[in-house]
């Protein structure tokens, strides 16, 4: 028996919104420690890794580990019908063929029940090695969204160059070019608005703009985002979710032929 | 001109 209850539907809505455009279907791996999802986009350029820790749920029970193969679009559509403050309980029998969803309004005067058919998702599980990153940039997630959107009007790849002085995002396209530099915040009252740049070694890497734009749509998950860059490893973009876990996006770089 | 690498060339099957 698997059962997980979140107090507020809002967080699940945000999580599903952040992954469902990149990932069509995936296996929710449910175990005693929580729920995780790992899935690549259809072109196998990026990978989403989601972790929802059991402590982040109001109630959590998972007697034995199970894989729930889910169409993310279908799940997203159903969860969207819940009120933001509704409690949501996900459930599945050990050998069940559906994922049950129960929404309860705060006044407990409305209860909605849905079932989604489970599917066989043939997803390769990839091992993500612990990487040594040369650069870690923390910045407001809204700023990251703005920058990627602005540069996407010009070019289909973005060069991210980082030194201890700042991080530069630049692009070139048929119509011209553009670049945006962010400097480390000198003093900020609000931690979440800060730009913090940690550099072991300066680095310059190119990435496909459209994926950065996709990732940056997760801004609702956290006011801050971290970009982790290293030579010879994919970019890792992380949106932490307080006690709940995280959504991480990995993106393979563009390499010189 | 740069080519797009695949994520599977960095992360192997577990």
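Protein chains in written order, with the numbering used here: chain A, 1104 to 1360; chain B, 80 to 93.
Ideal Cβ positions, reconstructed from N, Cα and C, are used throughout, including at glycine.
Applying the 10 Å Cβ sphere with the 16-neighbour rule, what's the burial state of residue i?
| i | result |
| --- | --- |
| residue 1347 of chain A | buried |
| residue 1358 of chain A | exposed |
| residue 1230 of chain A | exposed |
| residue 85 of chain B | exposed |
| residue 1404 of chain A | No information on residue 1404 of chain A is available, as it lies outside the stretch 1104 to 1360 that chain A covers here. |
| residue 1104 of chain A | exposed |
| residue 1290 of chain A | exposed |
| residue 1274 of chain A | buried |
| residue 1256 of chain A | exposed |
| residue 1341 of chain A | buried |
| residue 1135 of chain A | exposed |
| residue 1286 of chain A | exposed |
| residue 1251 of chain A | buried |
| residue 1223 of chain A | exposed |
| residue 1144 of chain A | buried |
| residue 1270 of chain A | buried |
| residue 1212 of chain A | exposed |
Under 8 Å, Cβ to Cβ, is there at least one residue of chain B near residue i?
| i | result |
| --- | --- |
| residue 1235 of chain A | no |
| residue 1242 of chain A | no |
| residue 1134 of chain A | no |
| residue 1337 of chain A | yes |
| residue 1349 of chain A | no |
| residue 1205 of chain A | no |
| residue 1332 of chain A | no |
| residue 1358 of chain A | yes |
| residue 1148 of chain A | yes |
| residue 1273 of chain A | no |
| residue 1121 of chain A | no |
| residue 1355 of chain A | yes |
| residue 1309 of chain A | yes |
| residue 1143 of chain A | yes |
Closest by CA to residue i, which one among the options?
| i | options | result |
| --- | --- | --- |
| residue 1261 of chain A | A:1272, A:1253, A:1174, A:1296 | A:1272 |
| residue 1345 of chain A | A:1255, A:1199, A:1327 | A:1327 |
| residue 1299 of chain A | A:1313, A:1320, A:1241, A:1176 | A:1241 |
| residue 1219 of chain A | A:1203, A:1150, A:1199 | A:1203 |
| residue 1238 of chain A | A:1276, A:1334, A:1354 | A:1334 |
| residue 174 of chain B | A:1108, A:1150, A:1121 | In the structure as shown, chain B starts at 80 and stops at 93, and residue 174 of chain B therefore has no counterpart that could be examined. |
| residue 1268 of chain A | A:1315, A:1322, A:1305, A:1293 | A:1305 |
| residue 1163 of chain A | A:1177, A:1107, A:1113, A:1264 | A:1107 |
| residue 1350 of chain A | A:1121, A:1111, A:1116 | A:1121 |
| residue 1133 of chain A | A:1147, A:1112, A:1166, A:1146 | A:1166 |
| residue 1114 of chain A | A:1321, A:1233, A:1353, A:1329 | A:1321 |
| residue 1259 of chain A | A:1278, A:1189, A:1139 | A:1278 |
| residue 1276 of chain A | A:1356, A:1200, A:1311 | A:1311 |
| residue 1146 of chain A | A:1294, A:1217, A:1126, A:1184 | A:1126 |
| residue 1367 of chain A | A:1207, A:1227, A:1196, A:1236 | Beyond the ends of chain A as shown, which are 1104 and 1360, falls residue 1367 of chain A; an answer cannot be given. |
Should residue i be listed as close to the ligand ATP, given that the test is whether its C-beta is under 7 Å from any heavy atom?
| i | result |
| --- | --- |
| residue 1135 of chain A | This structure does not include the ligand ATP; it has no bound ligands of any sort. |
I'd like to know whether the C-beta of residue i is nearer than 8 Å to at least one C-beta of chain C.
| i | result |
| --- | --- |
| residue 1274 of chain A | Although the question refers to chain C, the structure presented lacks it and instead comprises the protein chains A and B. |
Problem - Selection of the segment 1212 to 1237 of chain A by Cβ proximity to chain B, strictly under 7 Å - result: If the cut-off is 7 Å between Cβ atoms, the segment 1212 to 1237 of chain A has 1227, 1228, 1229, 1230, 1231 near chain B.
Handout entry: Near-chain B residues of the segment 1162 to 1177 of chain A - C-beta to any C-beta below 8 Å
Key = Hits within the stretch: zero.
Handout entry: Runs of beta strand (DSSP E) lying entirely within the segment 1124 to 1172 of chain A, each at least 3 residues, in chain order
Key = Listed in chain order, the beta strand (DSSP E) elements of length 3 or more contained wholly in the segment 1124 to 1172 of chain A are 1128 to 1134, 1137 to 1143, 1149 to 1156, 1162 to 1165.
Handout entry: Sequence ranges, beta strand (DSSP E) only - wholly within the segment 1241 to 1306 of chain A, length at least 3
Key = 1260 to 1266, 1269 to 1276, 1279 to 1286, 1299 to 1302, all fully within the segment 1241 to 1306 of chain A.
Practice task
Could you please tell me which residues of the segment 1259 to 1285 of chain A, in chain order, have their CB closer than 9 Å to any CB of chain B?
Solution key: Answer set for the segment 1259 to 1285 of chain A: 1260.
Practice task
Please list the segments of the beta strand (DSSP E) lying wholly inside the segment 1175 to 1200 of chain A, counting only runs of 3 or more residues, in order along the chain.
Solution key: Complete beta strand (DSSP E) runs here, min 3: 1190 to 1195.
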